[in-house]
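Engineer: First the structure, then my questions, so here it is.
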């Protein structure tokens with residue numbers, strides 16, 4: 001099923017007739033109207049009033065709405081030709097616009113359903129946006145605000161906006177170089193005082209702390225202090241494996257002869273416990289700075 005095209009040759013082009021059949025090309029193909037549809041029509045080219053024979057060729061369909069038009073069967077067309085090629089224009093074409101785009105959008109389709117490229121026009125809510133979509137569900141989106149978002153088939157995302165890369169879960173690298181500073185992020189963990197702080201003792205994680213770097217302030221009670229557990233810290237977000245801990249005393253009491261060098265820690269994926277082999281003095285206030293790395 002194709003287009004039957006009739007060509008009337010002007011006399012001043014007659015001498016080029018032998019070259020006219022060499023090739024026939026059309027404007028750049030941007031996309032096609034329906035996924036899974038062929039972008040090639042077989043057409044019959046005829047010149048009833050001239051000397052050229054009737055020839056059947058394959059002809060790429062025309063563009064309309066940014067998508068290749070599928071003309072009705074047996075539609076007449078006109079071909080503009082010259083020695084090095086030409087273009088074809090159907091005299092009738094479909095008025096149906098693709099349903100997954102708006103006026104002004106441009107789409108590039110292929111025979112794999114679901115795989116396409118979109119250039120969003122001014123009528124789109126995201127005018128100027130460029131989308132590369134893969135049938136599995138993965139995508140690359142270049143937003144009008146300059147952000148670039150990668151999404152994999154399982155919904156994991158990585159967004160580059162300005163000088164910030166935001167990843168929805170884990171970043172893995174063979175070699176990770178961070179300069180000039182390393183900074184934790186996220187909500188602060190919470191702490192619960194242990195028996196070593198005595199009656200009325202408290203343990204508090206400072207508000208600027210994160211799971212990766214925190215300061216714990218200890219207030220010993222008025223009586224009943226003893227060696228043992230100082231506190232239990234619950235991470236805001238669980239780790240995949242039990243992390244490692246390093247610490248430093250913040251003040252002279254934490255570094256002094258009673259407690260200095262007498263702290264140790266245990267960890268699980270969800271919490272950290274701080275212990276001392278010393279005995280805090282009643283009503284003492286002291287702090288520890290802690291770094292946690294998985």
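In my numbering, the protein residues as written are 1 to 294.
Glycine included, every Cβ here is placed at the ideal spot set by N, Cα and C.
Please read these numbers as outputs of a predicted model, since none were measured by experiment.
Between residue 129 and chain C, is the shortest Cβ-Cβ distance under 9 Å, so that the two count as touching?
Structural biologist: Among the chains in the structure shown there is no chain C, since it carries only a single protein chain.
Engineer: If you run the structure through DSSP and keep just helix, strand and coil, what is residue 178?
Structural biologist: Residue state, collapsed to three classes: coil.
Engineer: Near residue 239, which residues of its chain fall below 7 Å by C-beta distance, leaving aside the five closest residues on each side in sequence?
Structural biologist: Correct list, in chain order: 269 and 294.
Engineer: What residues in its chain sit with their C-beta under 7 Å from that of residue 189, if we drop five residues either side in the sequence?
Structural biologist: Only 205, 209, 211, 214, 233, 234, 235 and 236 meet the Cβ criterion.
Engineer: So, for residue 246: in the same chain, excluding its five sequence neighbours on each side, which residues have a beta-carbon less than 7 Å away from its beta-carbon?
Structural biologist: Answer for residue 246: 291, listed in chain order.
Engineer: For residue 275 and residue 144, what's the separation of their Cα atoms in angstroms?
Structural biologist: Answer to the nearest angstrom: the Cα atoms are 53 Å apart.
Engineer: Is residue 287 helix, strand or coil when you go by DSSP?
Structural biologist: In this structure, residue 287 counts as strand in the three-state DSSP scheme.
Engineer: Might you give, ordered along the chain, the residues of its own chain that have their beta carbon closer than 7 Å to the beta carbon of residue 156, omitting 5 neighbours on each side?
Structural biologist: So the list reads 168 and 169, once near-sequence residues are dropped.
Engineer: In whole angstroms, what separates the C-alpha of residue 281 from that of residue 271?
Structural biologist: Their Cα atoms are separated by approximately 26 Å.
Engineer: Hey, could you find the ends of the alpha helix (DSSP H) residue 252 is sitting in?
Structural biologist: Taken as a continuous stretch (DSSP letters only), the alpha helix (DSSP H) holding residue 252 covers 252-255.
Engineer: So, is residue 241 buried or exposed, given that buried needs 16 or more other C-beta atoms within 10 angstroms?
Structural biologist: Exposed is the call here.
Engineer: For residue 41, count the other beta carbons within 10 Å of its own beta carbon; 16 or more makes it buried, fewer makes it exposed. Which is it?
Structural biologist: Unreliable positioning characterises residue 41 in this predicted model, as indicated by a pLDDT of 47, which lies under 50. The coordinate reading is nonetheless provided below. Buried, since its Cβ has 16 or more Cβ neighbours within 10 Å.
Engineer: Would you report the Cα separation of residue 114 and residue 202, rounded to the nearest angstrom?
Structural biologist: Looking at the two C-alpha atoms, the distance is approximately 58 Å.
Engineer: Go ahead and pull the three-state DSSP assignment for residue 193.
Structural biologist: Looking at residue 193 - three-state DSSP - the assignment turns out to be strand.
Engineer: Which stretch, first to last residue, makes up the beta strand (DSSP E) that contains residue 249?
Structural biologist: Start and end: 244-249.
Engineer: Skipping 5 residues on each side, what residues in its chain have a beta carbon closer than 7 Å to that of residue 243?
Structural biologist: Once the five neighbours on either side are set aside, the close Cβ partners of residue 243 are 267, 292, 293 and 294.
Engineer: Assuming residue 284 and residue 253 are in contact, meaning their beta carbons sit under 8 Å apart, how far apart are those beta carbons, in whole angstroms?
Structural biologist: Indeed, because the Cβ distance is near 5 Å, the residues count as touching under 8 Å.
Engineer: Here's the rule: buried if 16 or more other CB atoms are within 10 angstroms of the residue's CB, otherwise exposed. What is residue 251?
Structural biologist: Exposed is the call here.
Engineer: Where residue 229 and residue 146 are concerned, what is the direct C-alpha to C-alpha distance, given to the nearest angstrom?
Structural biologist: Cα to Cα, residue 229 sits roughly 51 Å from residue 146.
Engineer: Tell me the rounded alpha-carbon separation between residue 107 and residue 151.
Structural biologist: So the two alpha carbons sit approximately 20 Å from each other.
Engineer: For the beta strand (DSSP E) containing residue 106, name the first residue and the last one.
Structural biologist: Looking at the DSSP string, the run of the beta strand (DSSP E) that includes residue 106 is 106-109.
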